[in-house]
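Here the structure comes first, spelled out in structure tokens, and everything after it is commentary.
Protein chains: 2
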Amino acid sequence: MLHVAEAARVSVATVSAVLNGTATVSPELTQRIEQAIRDIGYKRNAIARSLKMGTTRTIGLTVPHITNPFFTDVVSVIQQAFDRAGYAVMLCCTDEDLNTQDDQIRLLLDRMVDGLIVARVGDGGILKGIVGDANVPVVLLDRLCDGVDTDAVVLDNQRAVFDAVTYLIHLGHRRIGYITGASDISPMHDRMIGYREALQAAGLPVAEELIRSGNFHEIDGYNATMQLLSLHDRPSAIFSANNPMVIGTMKAIRDIGLSCPEDISVACFDDFPWSDVFVPQLTTVAQPVQAIGEQAANLLLDRLAGNREAPPRKLVLKGRLMIRNSCRPLGALAQSVSA
Amino acid sequence: MLHVAEAARVSVATVSAVLNGTATVSPELTQRIEQAIRDIGYKRNAIARSLKMGTTRTIGLTVPHITNPFFTDVVSVIQQAFDRAGYAVMLCCTDEDLNTQDDQIRLLLDRMVDGLIVARVGDGGILKGIVGDANVPVVLLDRLCDGVDTDAVVLDNQRAVFDAVTYLIHLGHRRIGYITGASDISPMHDRMIGYREALQAAGLPVAEELIRSGNFHEIDGYNATMQLLSLHDRPSAIFSANNPMVIGTMKAIRDIGLSCPEDISVACFDDFPWSDVFVPQLTTVAQPVQAIGEQAANLLLDRLAGNREAPPRKLVLKGRLMIRNSCRPLGALAQSVSA
DNA sequence: AACGCTAATCTAAACGTTTCGAATGTGTCA
DNA sequence: TGACACATTCGAAACGTTTAGATTAGCGTT
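For the protein sequence lines, the chains are A and B, in the order given.
FYI, in this note's numbering the residues of the first sequence are 352 to 690.
FYI, in this note's numbering the residues of the second sequence are 352 to 690.
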């Protein structure tokens, strides 16, 4: 900027003024300065600007796993939204590990991000400390957090699973296996409630041996399914509470020599682009990823625009059951269908 | 830092010294300073540090689409690698659009990223200007760029497609449809050569009507496949040169009332987690995503570590044909197999 | 006791912006 | 003609670090 000022024979203050349009400067000088900027190929140093202004126009985004297609899609939407608003996005993957998440949040705060969108992990860790206390607004994504009262956008997980399991019950299924992630994650907790309530609402018992818990990974889904299928009275349907785990479920079914939906019905949480391309076409609970991402971005952008005082806002969106052909009717229903 | 210095009754220079270990300071003061840091909860301002040091310990990463599973995986690997090295990653999606890419590269450079990893789009745009000229090292990912002579890691695309198409020919296929992306993207260009060479090596003609070009999206693959399948002498196999497009291919086959592999064989570029879970299990060319991401990260980290003078390094990795059951033998071969 | 050497600490400039308040010039009005 | 308002422009401080070079203190030598 100094060079530009010299070339245009003005002070740096004037250059700054035309750059930001913050004061009226004569057409003549404006012209000279713009010319000098072009000649020199000057680019304003955003770091220096950030230091002075106290804002970086950068936000931090942390997700457990970017390879989970749900998060992939949401990250993509969020990135686009902030891009439009002139913000950069720093992306971190926490690998479902609380220490990693804490490290990365520290990394982001050190770099003075203006805001944070967090699909949190564990019990929240340092997140609890920075919400409210600090000056950086936080939006929780997908997962609420005890003791962290801030903006959030989540799914009505309970209702979504309730609907899906009720659908299975209507098809005639009575013993429905359920594979979940760690229950200290709010969506997993809520989904579990939805499962239990659906059974209870239909007057069915909740058999604890049909409930298996894993750590979100494909291998966990595989092992859980193996256990369910070796039960002496094995389930006729399995609901898998997240996407990577259902891959494990499908592989376990294949490896054990069964097929879906003939021998066992499968439904799962999270839709993905291939859902209706292959056989079986999976019945899933689709999350409105576009809306989730946009709402999260909007909540944060609103705070960044200065609206700091509004009380925390919690947006709850609805899932949608995508009925395909991975679940088959049982008993009397099966008769009427095949007839 | 000023507050820490006052609390510990020392100068800021001394605080800086213990923070960075850049000078010997007495145990007594060290102790006092560390105590003050804890008391105050002081965190060093990375922006001010960046301004002074001229380095941000942040890199920029741009990819065309993060929802393409190939890029998802590579982004994930790269993010982890830089995380380990204490770098933050700014992620941008260019949406296969050159102007968007230029905007985002400018955004990243404004923010003074220390380096750039780019899966470029279009003809490179301002990329050409910043390589060599500027002080920020650039690593090309997946896609080379004419006129941009810098570090790169790519696949041997030509060979990979050559092998895949040769495999189809060995199965007895003679008319093999080929669906590609824009040919100004180096991988697409190279893959096309591999396709042509495989046919030529087998003494087969290259029928131009079997070659269709799209813009990487599912819908493009769908339309191209529709066209191929309505040819009066339709192909017996289709090779789709990227992942989103093969979804379109599968949907088109389904919608037109055919099935894979009975009526038409399909193979494609890029493996994905579901490849072997559903029916048909897709035969794919798997890229070594882990290696690609790590090598790209290593190339850049090496430059960041100060090795600026070494000539550009180009790493070419091998793809791997994952033979599953989406391609069936034809003619005499089919006889012997079914016998 | 004067000297030099080393180790520990500090002062102050610099990084590249923004912005407040001061300075300068021009025109208007009494 | 002098006073005043207004429009432009500028000087310099500030943002929070790092670091070169200055200063000080302690100690062993002669």
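C-beta atoms are modelled at their ideal positions from N, C-alpha and C, and glycine is treated no differently.
Using only CA atoms, which one of the options lies nearest to residue i?
| i | options | result |
| --- | --- | --- |
| D514/A | L550/A, R525/A, P538/A | L550/A |
| P631/A | C678/A, N594/A, A356/A, L652/A | C678/A |
| P612/A | M577/A, A558/A, N676/A | N676/A |
| I674/B | A511/B, M352/B, A387/B | A511/B |
| L579/A | R457/A, D541/A, I527/A, D535/A | I527/A |
| D502/A | R654/A, L672/A, R671/A | R654/A |
| W625/B | N450/A, P420/A, I536/A, L681/A | P420/A |
| S610/B | G498/B, Q386/B, L633/B | L633/B |
| Q641/B | G657/B, P662/B, K669/B, A618/B | K669/B |
| L506/B | K479/B, S534/B, G523/B, R542/B | R542/B |
| D627/B | G554/A, V628/A, I615/A, K602/A | K602/A |
| D465/A | R494/A, V414/A, R408/A, L442/A | R408/A |
| D390/A | V355/A, A374/A, V366/A, N396/A | V355/A |
For chain A, find out if any of its Cβ atoms is closer than 8 Å to the Cβ of residue i; answer yes or no.
| i | result |
| --- | --- |
| C678/B | no |
| T658/B | At residue 658/B the sequence reads Asn, which differs from the Thr that was named. Closer than 8 Å: no. |
| L402/B | yes |
| A364/B | no |
| F629/B | yes |
| G441/B | Per the sequence shown, the amino acid found at residue 441/B is Met instead of Gly. Yes, its Cβ sits closer than 8 Å to a Cβ of chain A. |
| I398/B | yes |
| D614/B | no |
Is there at least one Cβ from chain B nearer than 8 Å to residue i's Cβ?
| i | result |
| --- | --- |
| R395/A | yes |
| N371/A | no |
| T634/A | no |
| C444/A | yes |
| L651/A | no |
| M673/A | no |
| F620/A | no |
| L580/A | no |
| A624/A | According to the sequence provided, residue 624/A is Pro. The question's Ala does not apply to it. Closer than 8 Å to some Cβ of chain B, the Cβ of P624/A qualifies, so yes. |
| T381/A | no |
| D345/A | Outside the shown range of chain A (352 to 690) lies residue 345/A, about which nothing can therefore be said. |
Who are residue i's beta bridge partners in DSSP?
| i | result |
| --- | --- |
| R563/A | I530/A |
| T409/B | A439/B |
| S591/B | I530/B, C619/B |
| I417/B | According to DSSP, I417/B bridges with nothing at all. |
| T634/B | A618/B |
| D502/A | V490/A |
| I523/A | Checking the sequence, you will find Gly at residue 523/A rather than Ile. BP columns for G523/A are empty, so no partner. |
| K665/B | A503/B |
| R671/B | A637/B |
| L550/A | Per DSSP, none; premise fails for L550/A. |
| I468/A | L412/A, V490/A |
May I have the straight-line CA-CA distance separating residue i from residue j, to the nearest angstrom?
| i | j | result |
| --- | --- | --- |
| E357/B | V428/B | 43 Å |
| A648/A | L582/A | 45 Å |
| A637/B | I384/B | 54 Å |
| K665/B | Q509/B | 16 Å |
| N574/A | E560/B | 48 Å |
| V490/B | T418/B | 21 Å |
| L672/B | T635/B | 6 Å |
| G657/A | D453/B | 30 Å |
| H521/A | D606/B | 29 Å |
| G405/B | K403/A | 16 Å |
| L412/B | L492/A | 23 Å |
| H416/B | M352/B | 42 Å |
| S689/A | G523/A | Low per-residue confidence applies at S689/A: pLDDT is 45, beneath 50, and the placement is therefore not dependable enough to give any value. |
| L458/A | A439/B | 7 Å |
| I530/A | P538/A | 13 Å |
| L449/B | D474/B | 8 Å |
| V499/B | C619/A | 46 Å |
| D446/B | C496/B | 17 Å |
| V414/B | V597/A | 28 Å |
| D621/B | F422/B | 10 Å |
| V363/A | V369/A | 10 Å |
*Report the residues of the segment 409-432 of chain A with a CB closer than 9 Å to any CB of chain B, ordered along the chain.*
T409, G411, L412, H416, I417, T418, P420, T423, D424, V426, S427, Q430, Q431
_Taking beta-carbon pairs under 9 Å, can you tell me which members of the segment 528-544 of chain A lie near chain B?_
none
*Could you name the residues of the segment 447-464 of chain B whose beta carbon sits closer than 9 Å to any beta carbon of chain A, in the order they occur along the chain?*
T451, D454, Q455, R457, L458, L459, L460, D461, R462, M463
*With 8 Å as the limit, tell me which residues of the segment 580-609 of chain B have their beta carbon closer than that to any beta carbon of chain A; keep them in chain order.*
P595, I598, M601, K602, R605
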